[in-house]
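Novice: If you read the sequence shown in the numbering used here, its first letter stands for residue 88, the second for the next number, and so on.
C-beta: ideal position from N, C-alpha, C; glycine also.
The model shown is predicted, which means the values in this text are computed figures rather than measured ones.
Supplied in C-alpha cells, the structure appears directly below.
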Amino acid sequence: MTNNDPNQFEQEINIQELLQVLWNNKLIIGAVTGLVVLLVLLYHFSATPEYRSTSMVLIKQDKGGAMGEMINPFGSLTGFDLQNDIELVKSFPLAEEVVRNLYTKKDRDTLQIFGERNYVSPIGGLFGWLSFGGAAEKDSVDYDVQMRKYAAALQERIKVGNSRDTDILNVSVSSPFPEEAALLTNAICQAYMRKDIEWNADQAMSVKEFVGEQLAQQQREISSVENKLSSYMKNQNIYELTGNAEKLLEKLVEAESRYNDAQAEYNILKKRQDFLVQKLSDEEKQISARIAKNVDQQSIDLKSRIKKEEKALIELANSTGTEDGSYIAKKQQLDVLKQRLQELTRNMIAGELSYTSRARQFQFDLISEQLQTDLRMAELGYVAQEYLRAKNYYESQLNRLPQKQLNYARLQRDREVLNNTYTFLKEKLEESRIKIASEVGKVVIVGAAYPELAPVAPSLKKNLLIGLILGLGLGGALVFVREMLDHSLKDDSFLEDHGFTPLAAIPFVDSDGGGSMQASMKKSLKDFASVFPFLSGNTDGKKDQHQKKNSYGKPVESTRNKQPLLIADSLSSPFAESFRDLRTNITFSQADRTLKSILVTGTEISEGKSTVCTNLAFAFALTGKKVLIVDCDLRRPSQHRNLNTMRMPGLSDYLAGQEKDINAVLQPTMHENLSVLPAGSQTPSPNELLGSNKMTELVKKLEEEWDYVILDTPPVLLLSDATLLSRTADGILMVVRMGYTNKNLLKEVQKLDYLKHRLLGVAIIGPSDKSGYSNYGRYYGRYGYKGYYSYKSYNAYLEPEKSNG
C-alpha cells in the first residue's frame, strides 16, 4: 500500500523487530552496561557508608493531672502528641545540647561529627599516597558558632519514625562508624528524656521558687516580731492576757491565719495561672475565655449557694469552733456542693473542648487546668473576704482593751499569725519539692541503640541492580536514538511502499572478510567509537582528516588497489545467481518495447552501482548476447579497473573529437561477448560532453551494433550527468544498498517524472544472511547540496582521481 502522507511515521515497529534491533546491537548495549556498572562499583567503593543505629522510645500518655478522672474526648488524637515529640527530638536546641555535652567528653577525638576522625574508603585508600597539598589548617571559630555548626550537622542525621497505632518512636542517628551512630542515638534519647522531665517540672519549679521567697520573707518578719514582743514583755512586765482577752485573741489569730492562708494559696495559684497563660497561644486564650464565660453562666446558682454556705460555715466556726458536730455536718454539706460544682465544671470544659476541633491533647490539659485554677482562685477570694470580715470584727473587740494589754495582744497576734502562715507556706514548699522529685516524665527508653554490623547505605546489591538497569536502559536508549536518527534503508518494504520495483536481492560480500565473527565485532566496536569519538584511539587525526565521506558523513570505502567481486570468479555462487535473477527480471520488465540500452545509477557514491553494472553485463554476455559497458562516470571512472583495461583513450576523447572512430576506443575483456568503452581522458566539462547531441547519437549507434548497451553513470541526484543521459537510455536501473542508501534520496527520485517513466526497478544490495539490516544503521545526516548532500561529499566526488594508465 502506498503511503501518500509524508508526515506519517514510515516504519511499523513491532516487538519482534525491536528485539531484533536490540540483539543486533548487543555489543554496544553490553559495552554501555559494563561501563555504567563499573562506574556504579567505583561509586559504591568510594562512597562514605551510612550506619544507622536505632533506639526504641515509649511516649507514655498522661493519665493523671486535673483531668485524670474525666473521660478524655481526645483519646483518638494520640498522633498529635507523638508528632510534637517527633519534632522535639529532631529539634535544633536538643541537638545543640547534645553536641555541647559530647564536646566536653575526653573521647571526642573519636567522633567524626567533630571532624576529629575521617573515613577513608577502599578506593581512597588505594590512591591515598597521592597528595595535593598539606593538610588544611582549621580556622579559629567562635565556640558558640562552632557548636551551632555541629548541632546543624547532627540535626540532619536524626531520623524519627512512629509505628502505626503505637506510642513508640524509633529514633536513629547516622554516622560513617557504627559505634558513633549508637553513641549519638543514645545521647539524643537520653537528652530528650532529661528535657522532658525538666519541661514537666517547670510549673512545680516556678511555684517552689515563689514559695521559697515567701518563706524567707515570713522568717524575717517572725524574727522581727519575736524581738518586739520580747522587748515589750520585759519593759512592760506583762507575760499573758487574762479573762476574755485571751479567748478574743485566739479567735482573732484563727481568723487572721485563715485569711493569710487563703491569701497565700491565692498568690500561689496566681503564679501557677500566669505560668499556664504563658503556655497558651492567643487562639487558646480565646477558647479559654469563651469556656469560662459559659461555665460561669451555667453554674451561677450553684456558686451563689456555695458562697452562702461558706459564709455560714465560717460564722459557725467562729461561734462553736471547728470541733463541734454542727460545724462538721455543715462542712460535709459544703464539700458535696463543691464536688457538684467541680464535676459540672469538668463536664462543661470537656464538652466545650471536644466541640472545638482545633483543640489538641496538650491544649485540653492546659486549658482545663487554667480554668479550674480560676475557679479555685474565685473560691479563695470570697473565703478570704469572709475571714477578713471576721478578723476585722475581732480586732475591733480587741481594741477595747487597755492600751498596755492591747499592745501586748497585737504583738502576740502578729507572732501567732506569722507562725501559722510560715507553717502553711512550708507545707506548700514541701509539696512542690515532692512533686519535682517524683516527676519521671513521659519518655521511657525501651531499647538502647547498639552498633550495627552492616551499613544501611550504600547497598552493593541495590547499586548493582540500579547499575544494571541503568546500563541496559541507557544502552537501549542509545540504540533506539541511533535507529531513529538513522535514515538509511532497512528493508525492501520501503521500496514497495514508495513505488519502486525490487528486481533482485544481491548479497553484500566484503572481500576483506566482513562476514566473519571477528569482523562483526570490529564493526560493532567501530559503531560504538562513532558514538563516543574519544574512545576511537585516533589521537593524531591524520588518517581521518583526508578520508573521503559520503553524504551521511560515512567514510567512503576506497576501491583503489582493490579488485571487485565478479560473478566470473564463481558462477555457482549465490552472488552470481542473484545477477542471473536480475538479468531475467530486467528482460521481462518491458514486454511492450525492446530494451537495448540500460542506464545504471544510484543515489550515493560507494553504493556498488559500478560493480552491479559490470556483473549485469557479464550476466547478459553469458547468454551469448553482445554486451558493451560504457563508463559515463567521467569524474570517478571505475570500469577500467573492474575489467582490467586501459582508461584512455575512451568516451571523453571521442566526444571531444580527439578520436574519430568509436571502434578504435572500444576494448575487449576476459569474455568474448563483453567489451568496454572506458571513460577516457580527464575533462574539465564532463556535463557538456554527456549532454551533447553527439552523445545521444553515439548511444543510438551503439544500440544498433550491440545487443545490450549498459551505461555506468554518476549518482542521479548528486550531479545532472545521469539526468542528461536518461533521455537516451531505454531503461534505468537504480542500485540501493541496505543500511547505506538514504531513504530521503529515494523519495526525491520518485518526484522526478522523467526518471519514473523509464525506471525498470531497483537492485538491492544487502547482507547475505537473514539477520536484518540494522547492523548497517548510521546517522550521517548533513543537509547541503540538493537538501541531503554535504559540501564535503560533493567536493569529494568532484575531486578527480589520477589516471592509472
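(1) Which first and last residues belong to the beta strand (DSSP E) in which Leu249 is found?
(2) Any contact of the stretch 731-745 with the stretch 695-714, i.e. 3+ C-beta pairs under 8 Å?
(3) On the three-state DSSP scale, how would you describe Gln754?
(4) Buried or exposed: Asp799, going by 16 or more other Cβ atoms within 10 Å of its Cβ?
(5) Run the proximity test for Val185: is its beta-carbon closer than 7 Å to any non-hydrogen atom belonging to the ligand GTP?
(6) Starting from Ser375, trace the alpha helix (DSSP H) both ways and give me its first and last residue.
(7) Would DSSP call Met733 helix, strand or coil?
(8) Rounded to the nearest angstrom, what separates Phe581 and Ala541 at their Cα positions?
(9) Strictly by DSSP, which residues pair up with Ser140?
(10) Between Val186 and Met234, is the Cβ-Cβ spacing less than 8 Å?
(11) Check the DSSP bridge columns for Arg824 and list the partner residues they point to.
(12) Mapping the DSSP letters down to three states, classify Ile692 as helix, strand or coil.
(13) Figure out for me which residue from Leu403, Ile436, Ala564, Glu343 has the closest Cα to the Cα of Gln384.
(14) Indicate whether Gln199 and Phe264 have their beta-carbon atoms separated by less than 8 Å.
(15) Considering only residues of the same chain and omitting the five flanking positions on each side of Gln457, which have a CB-CB separation below 8 Å?
(16) Quick one: what does DSSP say Leu105 is sitting in, helix, strand or coil?
(17) Tell me which same chain residues have a C-beta within less than 8 Å of the C-beta of Tyr353, skipping the five on either side of it?
(18) Tell me whether Ala809 is buried or exposed, calling it buried when 16 or more other Cβ atoms sit within 10 Å of its Cβ.
(19) I believe Glu397 touches Leu421 by the beta-carbon criterion, under 8 Å. Please report the beta-carbon distance rounded to the nearest angstrom.
(20) Can you round the beta-carbon distance between Ala743 and Thr770 to whole angstroms, since I take them to be within the 8 Å contact cut?
(21) Could you check whether the stretch 296-314 touches the stretch 496-511, counting it as contact only if at least three pairs of C-beta atoms, one from each stretch, sit closer than 8 Å?
(22) From Lys315 to Leu512, what distance separates their C-alpha atoms?
(23) Of the choices Gly711, Arg502, Met292, whose alpha-carbon is the least far from that of Lys515?
(24) How big is the Cα-Cα spacing for Lys478 and Glu343?
(25) Entirely within the stretch 528-585 and at least 3 residues each: give me those beta strand (DSSP E) ranges in chain order.
(26) Can you grab the Cα-Cα spacing for the pair Phe449 / Pro545, in whole Å?
(27) Out of Ile102, Leu804, Leu764, which has the shortest C-alpha to C-alpha gap to Leu839?
(28) Going by DSSP, name the residue or residues bridged to Pro589.
(29) Do you know offhand how far Glu75's Cα is from Val228's?
(30) Is it right to say Ser34 is buried, meaning 16 or more other beta carbons lie within 10 angstroms of its own, or is it exposed?
(31) Among the residues of its own chain, which have a CB less than 7 Å from the CB of Ile819, if the five just before and after it don't count?
(32) Using the DSSP secondary-structure output, state which residues sit across from Asp799 in a beta bridge.
(33) Please determine, among Pro661, Leu498, Arg824, Cys719, the residue with the shortest C-alpha to C-alpha distance to Met782.
(34) Tell me the rounded alpha-carbon separation between Glu746 and Leu721.
(35) What is the C-beta distance between Ile797 and Ile673, in whole angstroms, given that I count them as a contact (C-beta under 8 Å)?
(36) Helix, strand or coil for Gly818? Go by DSSP, reduced to three states.
Specialist: Here's the rundown:
(1) This sequence places Asn at residue 249; Leu is not what is there. Looking at the DSSP string, the run of the beta strand (DSSP E) that includes Asn249 is 245-249.
(2) These segments do not touch.
(3) Reduced to three states, the DSSP call for Gln754 is strand.
(4) Buried is the call here.
(5) What this structure holds is no ligand at all, so the ligand GTP is not there to describe.
(6) Where Ser375 is concerned, the enclosing alpha helix (DSSP H) starts and stops at 369-385.
(7) DSSP places Met733 outside both helix and strand once states are collapsed to three, so it counts as coil.
(8) Distance between the alpha carbons of Phe581 and Ala541: 59 Å.
(9) Looking at the DSSP assignment, Ser140 forms a beta bridge with Val260.
(10) Going by C-beta atoms, Val186 is nearer than 8 Å to Met234.
(11) DSSP output for Arg824 lists Ile852 as bridge partner(s).
(12) In this structure, DSSP gives Ile692 a state outside helix and strand, which the three-state scheme calls coil.
(13) In this structure, Ile436 is the residue among Leu403, Ile436, Ala564, Glu343 with its C-alpha nearest to the C-alpha of Gln384.
(14) Using a Cβ distance threshold of 8 Å, Gln199 and Phe264 count as a contacting pair.
(15) The beta carbon of Gln457 lies closer than 8 Å to those of Gln360, Leu363, Val364, Leu367, Ser375 in the same chain, with the five residues before and after it left out.
(16) Looking at Leu105 - three-state DSSP - the assignment turns out to be helix.
(17) Within the same chain, Met464, Leu467, Gly468, Ala471 come within 8 Å of Tyr353 by CB-CB distance, once the 5 residues on both sides are set aside.
(18) Per the 10 Å Cβ criterion, buried.
(19) The distance from the Cβ of Glu397 to that of Leu421 is about 6 Å, consistent with a contact at the 8 Å cut-off.
(20) The beta-carbon distance between Ala743 and Thr770, rounded to whole angstroms, is 7 Å. This is short enough to meet the 8 Å contact definition.
(21) Segments in contact, yes.
(22) Cα to Cα, the separation comes out at about 23 Å.
(23) Taking each of Gly711, Arg502, Met292 in turn and checking the Cα distance to Lys515, the smallest one comes out for Met292.
(24) About 6 Å.
(25) Taking only runs of at least 3 residues, the beta strand (DSSP E) segments lying wholly in the stretch 528-585 are 530-534.
(26) For Phe449, the predicted model reports a pLDDT of 47, less than 50, meaning its position is unreliable and no value from the coordinates is stated.
(27) Between Leu839 and the set Ile102, Leu804, Leu764, the nearest pair of CA atoms involves Leu804.
(28) Pro589 pairs with Val849.
(29) Since the first and last residues shown for the chain are 88 and 892, residue 75 lies out of range.
(30) Lying outside 88 to 892, the shown extent of the chain, residue 34 is not represented and no answer is given.
(31) Leu686, Thr688, Ser813, Leu842, Arg845, Leu846, Leu847, listed in sequence order.
(32) For Asp799, DSSP records a beta bridge to Val687, Asp718.
(33) Distances from the alpha-carbon of Met782 to those of Pro661, Leu498, Arg824, Cys719 put Cys719 closest.
(34) Their Cα atoms are separated by approximately 16 Å.
(35) Contact between Ile797 and Ile673 fails: their C-beta atoms lie close to 10 Å from each other, not under 8 Å.
(36) Reduced to three states, the DSSP call for Gly818 is strand.
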